[in-house]
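Those protein sequences? They're chains U and P, same order as listed. Counting in our numbering, the first sequence runs from 585 upward without gaps. Counting in our numbering, the second sequence runs from -1 upward without gaps. No residue lacks a Cβ here, since even glycine has one placed at the ideal position from N, Cα and C. Here the structure is a predicted model, which means the values were calculated and not measured. Structure first, then comments.
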Amino acid sequence: MTTLINEQGLRVDGRRFDQLRPFKLEVGVLRNADGSAYIEMGKNKIMAAVYGPKEVHPKHQTLPDRCLLRCRYHMSPFSVDTRKNPAPSRREIEISKILREALEPALILGDYPRTAIDVYLEVLQSDGGSRCAGLTAAALALADAGINMRDLVVACAAGKLGGQIVLDLSDVEDKEGDADLPVAIMPNLNQVTLLQLDGMMTGEEFKTAFEMALQGCKTLYDAQKATLISKYFGKAEPPQQEVQEGPEE
Amino acid sequence: MPGVTRKYVVPGELIVDGKYRLGANVYANQDKVYSTRVGLAEISRGEVRVIPLSGVYIPRVDDFVIGKITDYSAFAWEVDIASCFLAFLPAQSVFGRDYSPAQDSMLDRFKVGDLIAAKIAAFDRTRDPLVSVSGPGLGLINKGEIVKIMSTKVPRLIGKKGSMIKTVEAGTGCRLSIGQNGLIVVMGPPEGIAKALETIRLIEQEAHTADLTQKVEALLAESGGA
Chain U
585 MTTLINEQGL
595 RVDGRRFDQL
605 RPFKLEVGVL
615 RNADGSAYIE
625 MGKNKIMAAV
635 YGPKEVHPKH
645 QTLPDRCLLR
655 CRYHMSPFSV
665 DTRKNPAPSR
675 REIEISKILR
685 EALEPALILG
695 DYPRTAIDVY
705 LEVLQSDGGS
715 RCAGLTAAAL
725 ALADAGINMR
735 DLVVACAAGK
745 LGGQIVLDLS
755 DVEDKEGDAD
765 LPVAIMPNLN
775 QVTLLQLDGM
785 MTGEEFKTAF
795 EMALQGCKTL
805 YDAQKATLIS
815 KYFGKAEPPQ
825 QEVQEGPEE
Chain P
-1 MPGVTRKYVV
9 PGELIVDGKY
19 RLGANVYANQ
29 DKVYSTRVGL
39 AEISRGEVRV
49 IPLSGVYIPR
59 VDDFVIGKIT
69 DYSAFAWEVD
79 IASCFLAFLP
89 AQSVFGRDYS
99 PAQDSMLDRF
109 KVGDLIAAKI
119 AAFDRTRDPL
129 VSVSGPGLGL
139 INKGEIVKIM
149 STKVPRLIGK
159 KGSMIKTVEA
169 GTGCRLSIGQ
179 NGLIVVMGPP
189 EGIAKALETI
199 RLIEQEAHTA
209 DLTQKVEALL
219 AESGGA
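This is the structure:
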């Protein structure tokens, strides 16, 4: 087993215990999708695409009072070291479900009855913590698609390596470490939409890890916001005089 | 305009704290007003609203729209109005109450693929929207160039009390029929149409910028001289 934390307290990739991996966010990267986003988180590269609201096919899945949210998390065959079978695996089906459930509370689905929204997450390169990175990108893509949302969703994981609680596990740390705690929140509403724990933690450790994950989420949320603002408004100042009104007003 | 505050917002962002009337694309949680969209928040005269910058067209009754006939049955045409809902044009509203599928031929009026100018007659979210073509300026579109822009940019293209549309029409010698769903028919001389399309694209891309009117006027003056 490799040592995950050296004598200086640095992790295998040189990070401190409370440091996120370098990340990059982009929004509006796909022309054909109604909304899209791209995230790089360490070596993760994930594309998120949103289609909808649109008509539901097959028709019998239509919900009379709200929108049907469908989510697909998929890892490309080339996203990992040894080729992954492109068919959806047990793990991918489960992650699709929990991502859908993590996004649902943020969306005002009642505004779009009898329609469907499809969210596609394609992992182009995987490096641990892809569900969190995917979720962060999916929320951006939904905002880009102009779907009514109560809040954005942002996710980050914390974990345990030896006795040390650390932020944002990479692939090796996830595999060799002792625990992994992915957390997704709606930052303005202060609500948790996803909380999983793989491994064992004491109550104290859990508290520390949860707080640390929240800090990570806050950092990512600021980046999410900045990405949306710069995509839609560039450096432009808000107009002071011009008023946008339709003829009906 | 006095008393109007504006700011850029993203979904979930706090706009103001306090008692306000809620306009479009906002929601309140214990007297805190949040945005539900990426857009421009406006606070004026006790009302808060957000002008969104993206999103699909959601029909509203009395909206003027441009649609394409995609199919027809014995009693109605199906109309694609570039929304998440398919609209229906009932044959009775075209032929009158005594419409009978045995006597009247629907294909005489509209064929599949025809473009129509229509008004949203009814839409209550429990059923698909109904459109109507009875009214001045409504019905089959048989000439002109069609362009599609994002429906959220339509108010900007029209401008305050139609100021922007008047500027574009005067500068290009074209007539513009602007559907609320983002489809636009441009009619006029060929060189005017090319100029108008260029202007419409500019407005769509720079809809949120402050000096849009000047940019549009500059573009119209420049291509007019060339």
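- Interface flag for P:N23 against chain U is set, since a Cβ pair is found closer than 8 Å.
- Cα atoms of P:V110 and P:V36: separation of roughly 37 Å, rounded to the nearest angstrom.
- Note that the C-beta distance between P:V48 and P:V7 is below 8 Å.
- According to the DSSP assignment, U:D755 belongs to the alpha helix (DSSP H) that extends over 755 to 760.
- Contact of P:L84 with chain U by beta-carbon distance below 9 Å involves E639.
- Rounded to the nearest angstrom, the gap between the Cα atoms of U:E789 and U:L736 is 27 Å.
- In the displayed model, P:G94 falls within coil according to three-state DSSP, outside both helix and strand.
- Look at the beta carbons and you see the stretch 724 to 738 of chain U not touching the stretch 589 to 605 of chain U: under three pairs across the two are nearer than 8 Å.
- Contacts with chain P at 8 Å (Cβ-Cβ) do not include U:A807.
- Below the 8 Å Cβ cutoff, chain U contributes I692, N732, M733, R734 as neighbours of P:T34, in chain order.
- Burial check for P:E40: the Cβ neighbour count within 10 Å reaches 16 or more, so the residue is buried.
- Our two residues, U:D755 and P:L210, have alpha carbons roughly 49 Å apart in a direct line.
- U:A725 and P:A216 have their C-alpha atoms some 35 Å from each other.
- A Cβ-Cβ distance of about 14 Å is found for the pair U:P771 and U:C716, leaving them out of contact under the 8 Å criterion.
- Counting C-beta pairs closer than 8 Å gives three or more between the stretch 175 to 191 of chain P and the stretch 63 to 82 of chain P, which meets the contact rule.
- If you compare the alpha carbons of P:L20, P:L113, P:T207, P:R123 with that of P:R154, the shortest gap goes to P:T207.
- Contact note: U:A727 reaches chain P through V8, P9, V36, using a C-beta cutoff of 7 Å and chain order.
- Counting along the chain, no beta strand (DSSP E) covers U:K681; the unbroken alpha helix (DSSP H) around it starts and ends at 674 to 687.
- The three-state reading of DSSP puts P:Q101 in coil, since its state is none of H, G, I, E or B.
- The stretch 740 to 759 of chain U makes contact with the stretch 788 to 807 of chain U; the number of CB pairs closer than 8 Å reaches 3 or more.
- As far as DSSP is concerned, U:A793 takes part in no beta bridge.
- If you draw a 10 Å sphere on the C-beta of P:S81, you find 16 or more other C-beta atoms in it, and that means buried.
- Residues of the same chain with a CB within less than 8 Å of the CB of U:E757, apart from the 5 flanking positions on each side, are L588, R595, V596, G712, G743, L745, V750 in chain order.
- With a threshold of 8 Å between beta carbons, U:F817 makes contact with chain P.
- Annotation: U:C651 to U:I692 spans about 9 Å, alpha carbon to alpha carbon.
- Judged by beta-carbon spacing, P:V46 lies within the 8 Å limit of P:G21, meaning their Cβ atoms are closer than that value.
- As computed with DSSP, U:E639 is found in a beta bridge with U:T699.
- For U:Y704, the closest alpha carbon among the candidates U:Y805, U:A632, U:A671 is that of U:A632.
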